[in-house]
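S.K.: Have a look at the structure that comes next, please.
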Amino acid sequence: MKSPLFFASLALMATPALAQQCAATVAEPVKLRVARQGLTGQHLKVSLPAGCHANSSTPSEAFLIPLRLTWNPGALEAAGTEYPKAALEKYEFSEKPISVVSGQFEIVTKFRRSATAQPGPSSLTGKLRYQACNDKMCFPPKTVEIRLPLLLE
Amino acid sequence: MKTHLLRLIVVGGALAVMGCNTAPAGSAAVASVKPAEKRNAAPDFELTDASGRKVKLSDYKGKVVLLNFWATWCGPCKLEIPWFADFEKRYKDQGFAVLGVSMDEDGWEAVKPYIEAKQVNYRIMIATEEVAQKYGGVEALPTTFIIDREGRIVSTHIGLVMKKDYEDEIAALLR
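These protein sequence lines are chains V and P, in that order. Numbering of the first sequence is given in the working numbering, commencing with residue 1 and proceeding in unit increments. Numbering of the second sequence is given in the working numbering, commencing with residue 1 and proceeding in unit increments.
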């Protein structure tokens, strides 16, 4: 039987997480094997806490910050990015439904090997930028650094 | 009975910390109205408004001030801006002022077109890290402080609240 103090301590320990509300969790990418030719797809898995949403890649208004994944130059070149399908949701603060993503979603990047890439292990770095809110408040835009391990054939 | 007691302790512990924290404490908006004897002085600051004039909070002593931290990318802030413009218009002559402090990283480049489009009739400044820290870090927007005529913080609202909540507080302080 746990003591009441134990449960009170748990409540206190939970509070730093509250301050991180609406922070996206990005799954660490698994190593991507890249063939000498053709396109290779990478699925970046992202999740937002329940009750939170982020603007989609095509926000409803010009002043809103879009979901954006960018990759730095390296062994691969991004040939296209597929963002998750946006949902039009109405919130207490919005007059009209706004274009958002929420829950778990994937961003798919199609890569082609750059002309100068050498065979062997390597990595590519990128940035995921998003701005999240819940139904009452918004949180400053955040940028998550991504590292994609590669194995070039 | 024991289970009930434990629940009370857990919930009570969490609420106690949330009440002491300036960080957002949940999806619900947070507000706390303090009685006169418990009010703390609003930290003074000096910022520059859209027309390049210096704005010092201490220059507003003697007035009731609604100090709103906001950003162009914040949906709930967008809803509140017309309310604040309305308050400024209605209560200005009774010793009331709205001050808007933008948290936009891109500064005036993002803010000027926005306030022109929204026809904001009160003074807008761009926050500095120092000013945000003085007001608890401002981790969620909108964050609004109601300040009495003596320059003390009467209430803090984190997140969207009802227009009437602001109105009632302002009216009580202007009486």
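For every residue, glycine included, the Cβ atom is placed at its ideal position computed from N, Cα and C. Note that the structure is a prediction, hence the values are computed from the model and not measured.
1) Can you tell me which of the three DSSP states D44/P falls into?
2) On the DSSP bridge list, what partners appear for F63/V?
3) P24/P CB to nearest chain V CB: under 8 Å?
4) Which word fits G103/V, buried or exposed, when buried means at least 16 other C-beta atoms lie within 10 angstroms of its C-beta?
5) So, does the segment 42 to 50 of chain V touch the segment 90 to 104 of chain V, judging by three or more C-beta pairs under 8 Å?
6) Which residues of chain V have a Cβ atom closer than 7 Å to the Cβ of G159/P, listed in chain order?
7) Contact defined as beta carbons within less than 8 Å: I believe T125/V pairs with E145/V. What is the distance between those atoms, to the nearest angstrom?
8) Which one or two residues does DSSP pair with F111/V in a beta bridge?
9) For V34/V, report the span of its beta strand (DSSP E) as first-last.
10) Closest to S123/V by C-alpha separation, out of A132/V, Y83/V, A75/V and P84/V, would be which residue?
11) So is Y114/P in contact with chain V if we call contact Cβ pairs under 8 Å?
12) Starting from A140/P, find everything on chain V with Cβ-Cβ shorter than 8 Å and list it in chain order.
13) Do I147/P and A42/P have their beta-carbon atoms positioned less than 8 Å apart in this structure?
14) Looking at chain P, which residues of the segment 62 to 90 of chain V have a Cβ within less than 7 Å of any of its Cβ atoms?
15) Compute the Euclidean distance between the alpha carbons of V111/P and D93/P, then round it to the nearest angstrom.
16) Kindly give me the distance between the Cβ atoms of A127/P and F139/V, rounded to whole angstroms, as I take these residues to be in contact under 8 Å.
17) Between the alpha carbons of L154/V and L148/V, how many angstroms are there, rounded?
18) Whole-angstrom Cβ separation of T40/V and T81/V, contact assumed at under 8 Å?
19) Using 8 Å as the threshold, is the C-beta distance between T72/P and F63/V below it?
20) When you compare the CB positions of L160/P and K136/V, do they come within less than 8 Å of one another, or not?
21) What would DSSP say about D59/P, mapped onto helix, strand or coil?
22) Which residue's Cα is closest to the Cα of G100/P: H157/P, R39/P and T144/P?
23) Along the segment 57 to 75 of chain P, what residues have a CB closer than 8 Å to any CB found in chain V?
24) List in chain order: all unbroken alpha helix (DSSP H) runs of 4+ residues lying wholly within the segment 116 to 142 of chain P.
25) Just the Cα atoms here: how many angstroms apart are K56/P and A87/V?
26) Flag S27/P as yes if its beta-carbon sits less than 8 Å from any beta-carbon of chain V, otherwise no.
27) For chain V, check one thing: does any of its Cβ atoms lie closer than 8 Å to the Cβ of K164/P?
28) Would you mind sorting P76/P into buried or exposed? The rule is 16 or more other CB atoms within 10 Å of its CB.
29) Following the continuous beta strand (DSSP E) through P149/V, name the residue where it begins and the one where it ends.
M.R.: Short version:
1) Coil.
2) DSSP output for F63/V lists no bridge partner at all.
3) Confidence at P24/P is low in this model, with a pLDDT of 40, below 50, so its placement is unreliable and the value that follows should be read with caution. Yes, its Cβ sits closer than 8 Å to a Cβ of chain V.
4) The residue in question, G103/V, is exposed, as its Cβ has fewer than 16 Cβ neighbours within 10 Å.
5) yes
6) K136 and M137
7) 7 Å
8) As computed with DSSP, F111/V is found in a beta bridge with T40/V and A78/V.
9) L32 to V34
10) A75/V
11) yes
12) Identification of chain V residues near A140/P by a Cβ-Cβ cut-off of 8 Å yields Q21, M137, C138 and F139, ordered along the chain.
13) yes
14) Hits within the stretch, in order: F63, L64 and I65.
15) 27 Å
16) Contact flag wrong, Cβ pair sits at about 15 Å.
17) With chain V running from 1 to 153 in the structure shown, residue 154/V is simply not present.
18) The pair is not a contact, with the Cβ atoms about 14 Å apart (cut-off 8 Å).
19) yes
20) yes
21) Helix at D59/P.
22) T144/P
23) A71, T72, W73, C74 and G75
24) 129 to 134
25) Each residue's alpha carbon lies about 43 Å from the other.
26) Caution applies to S27/P, whose pLDDT of 45 falls short of 50 and renders its modelled position unreliable; the value that the coordinates give is listed next. For S27/P, the answer is yes, since a Cβ of chain V falls inside 8 Å of its Cβ.
27) Closer than 8 Å to the CB of K164/P there is not a single CB belonging to chain V.
28) buried
29) K142 to L152
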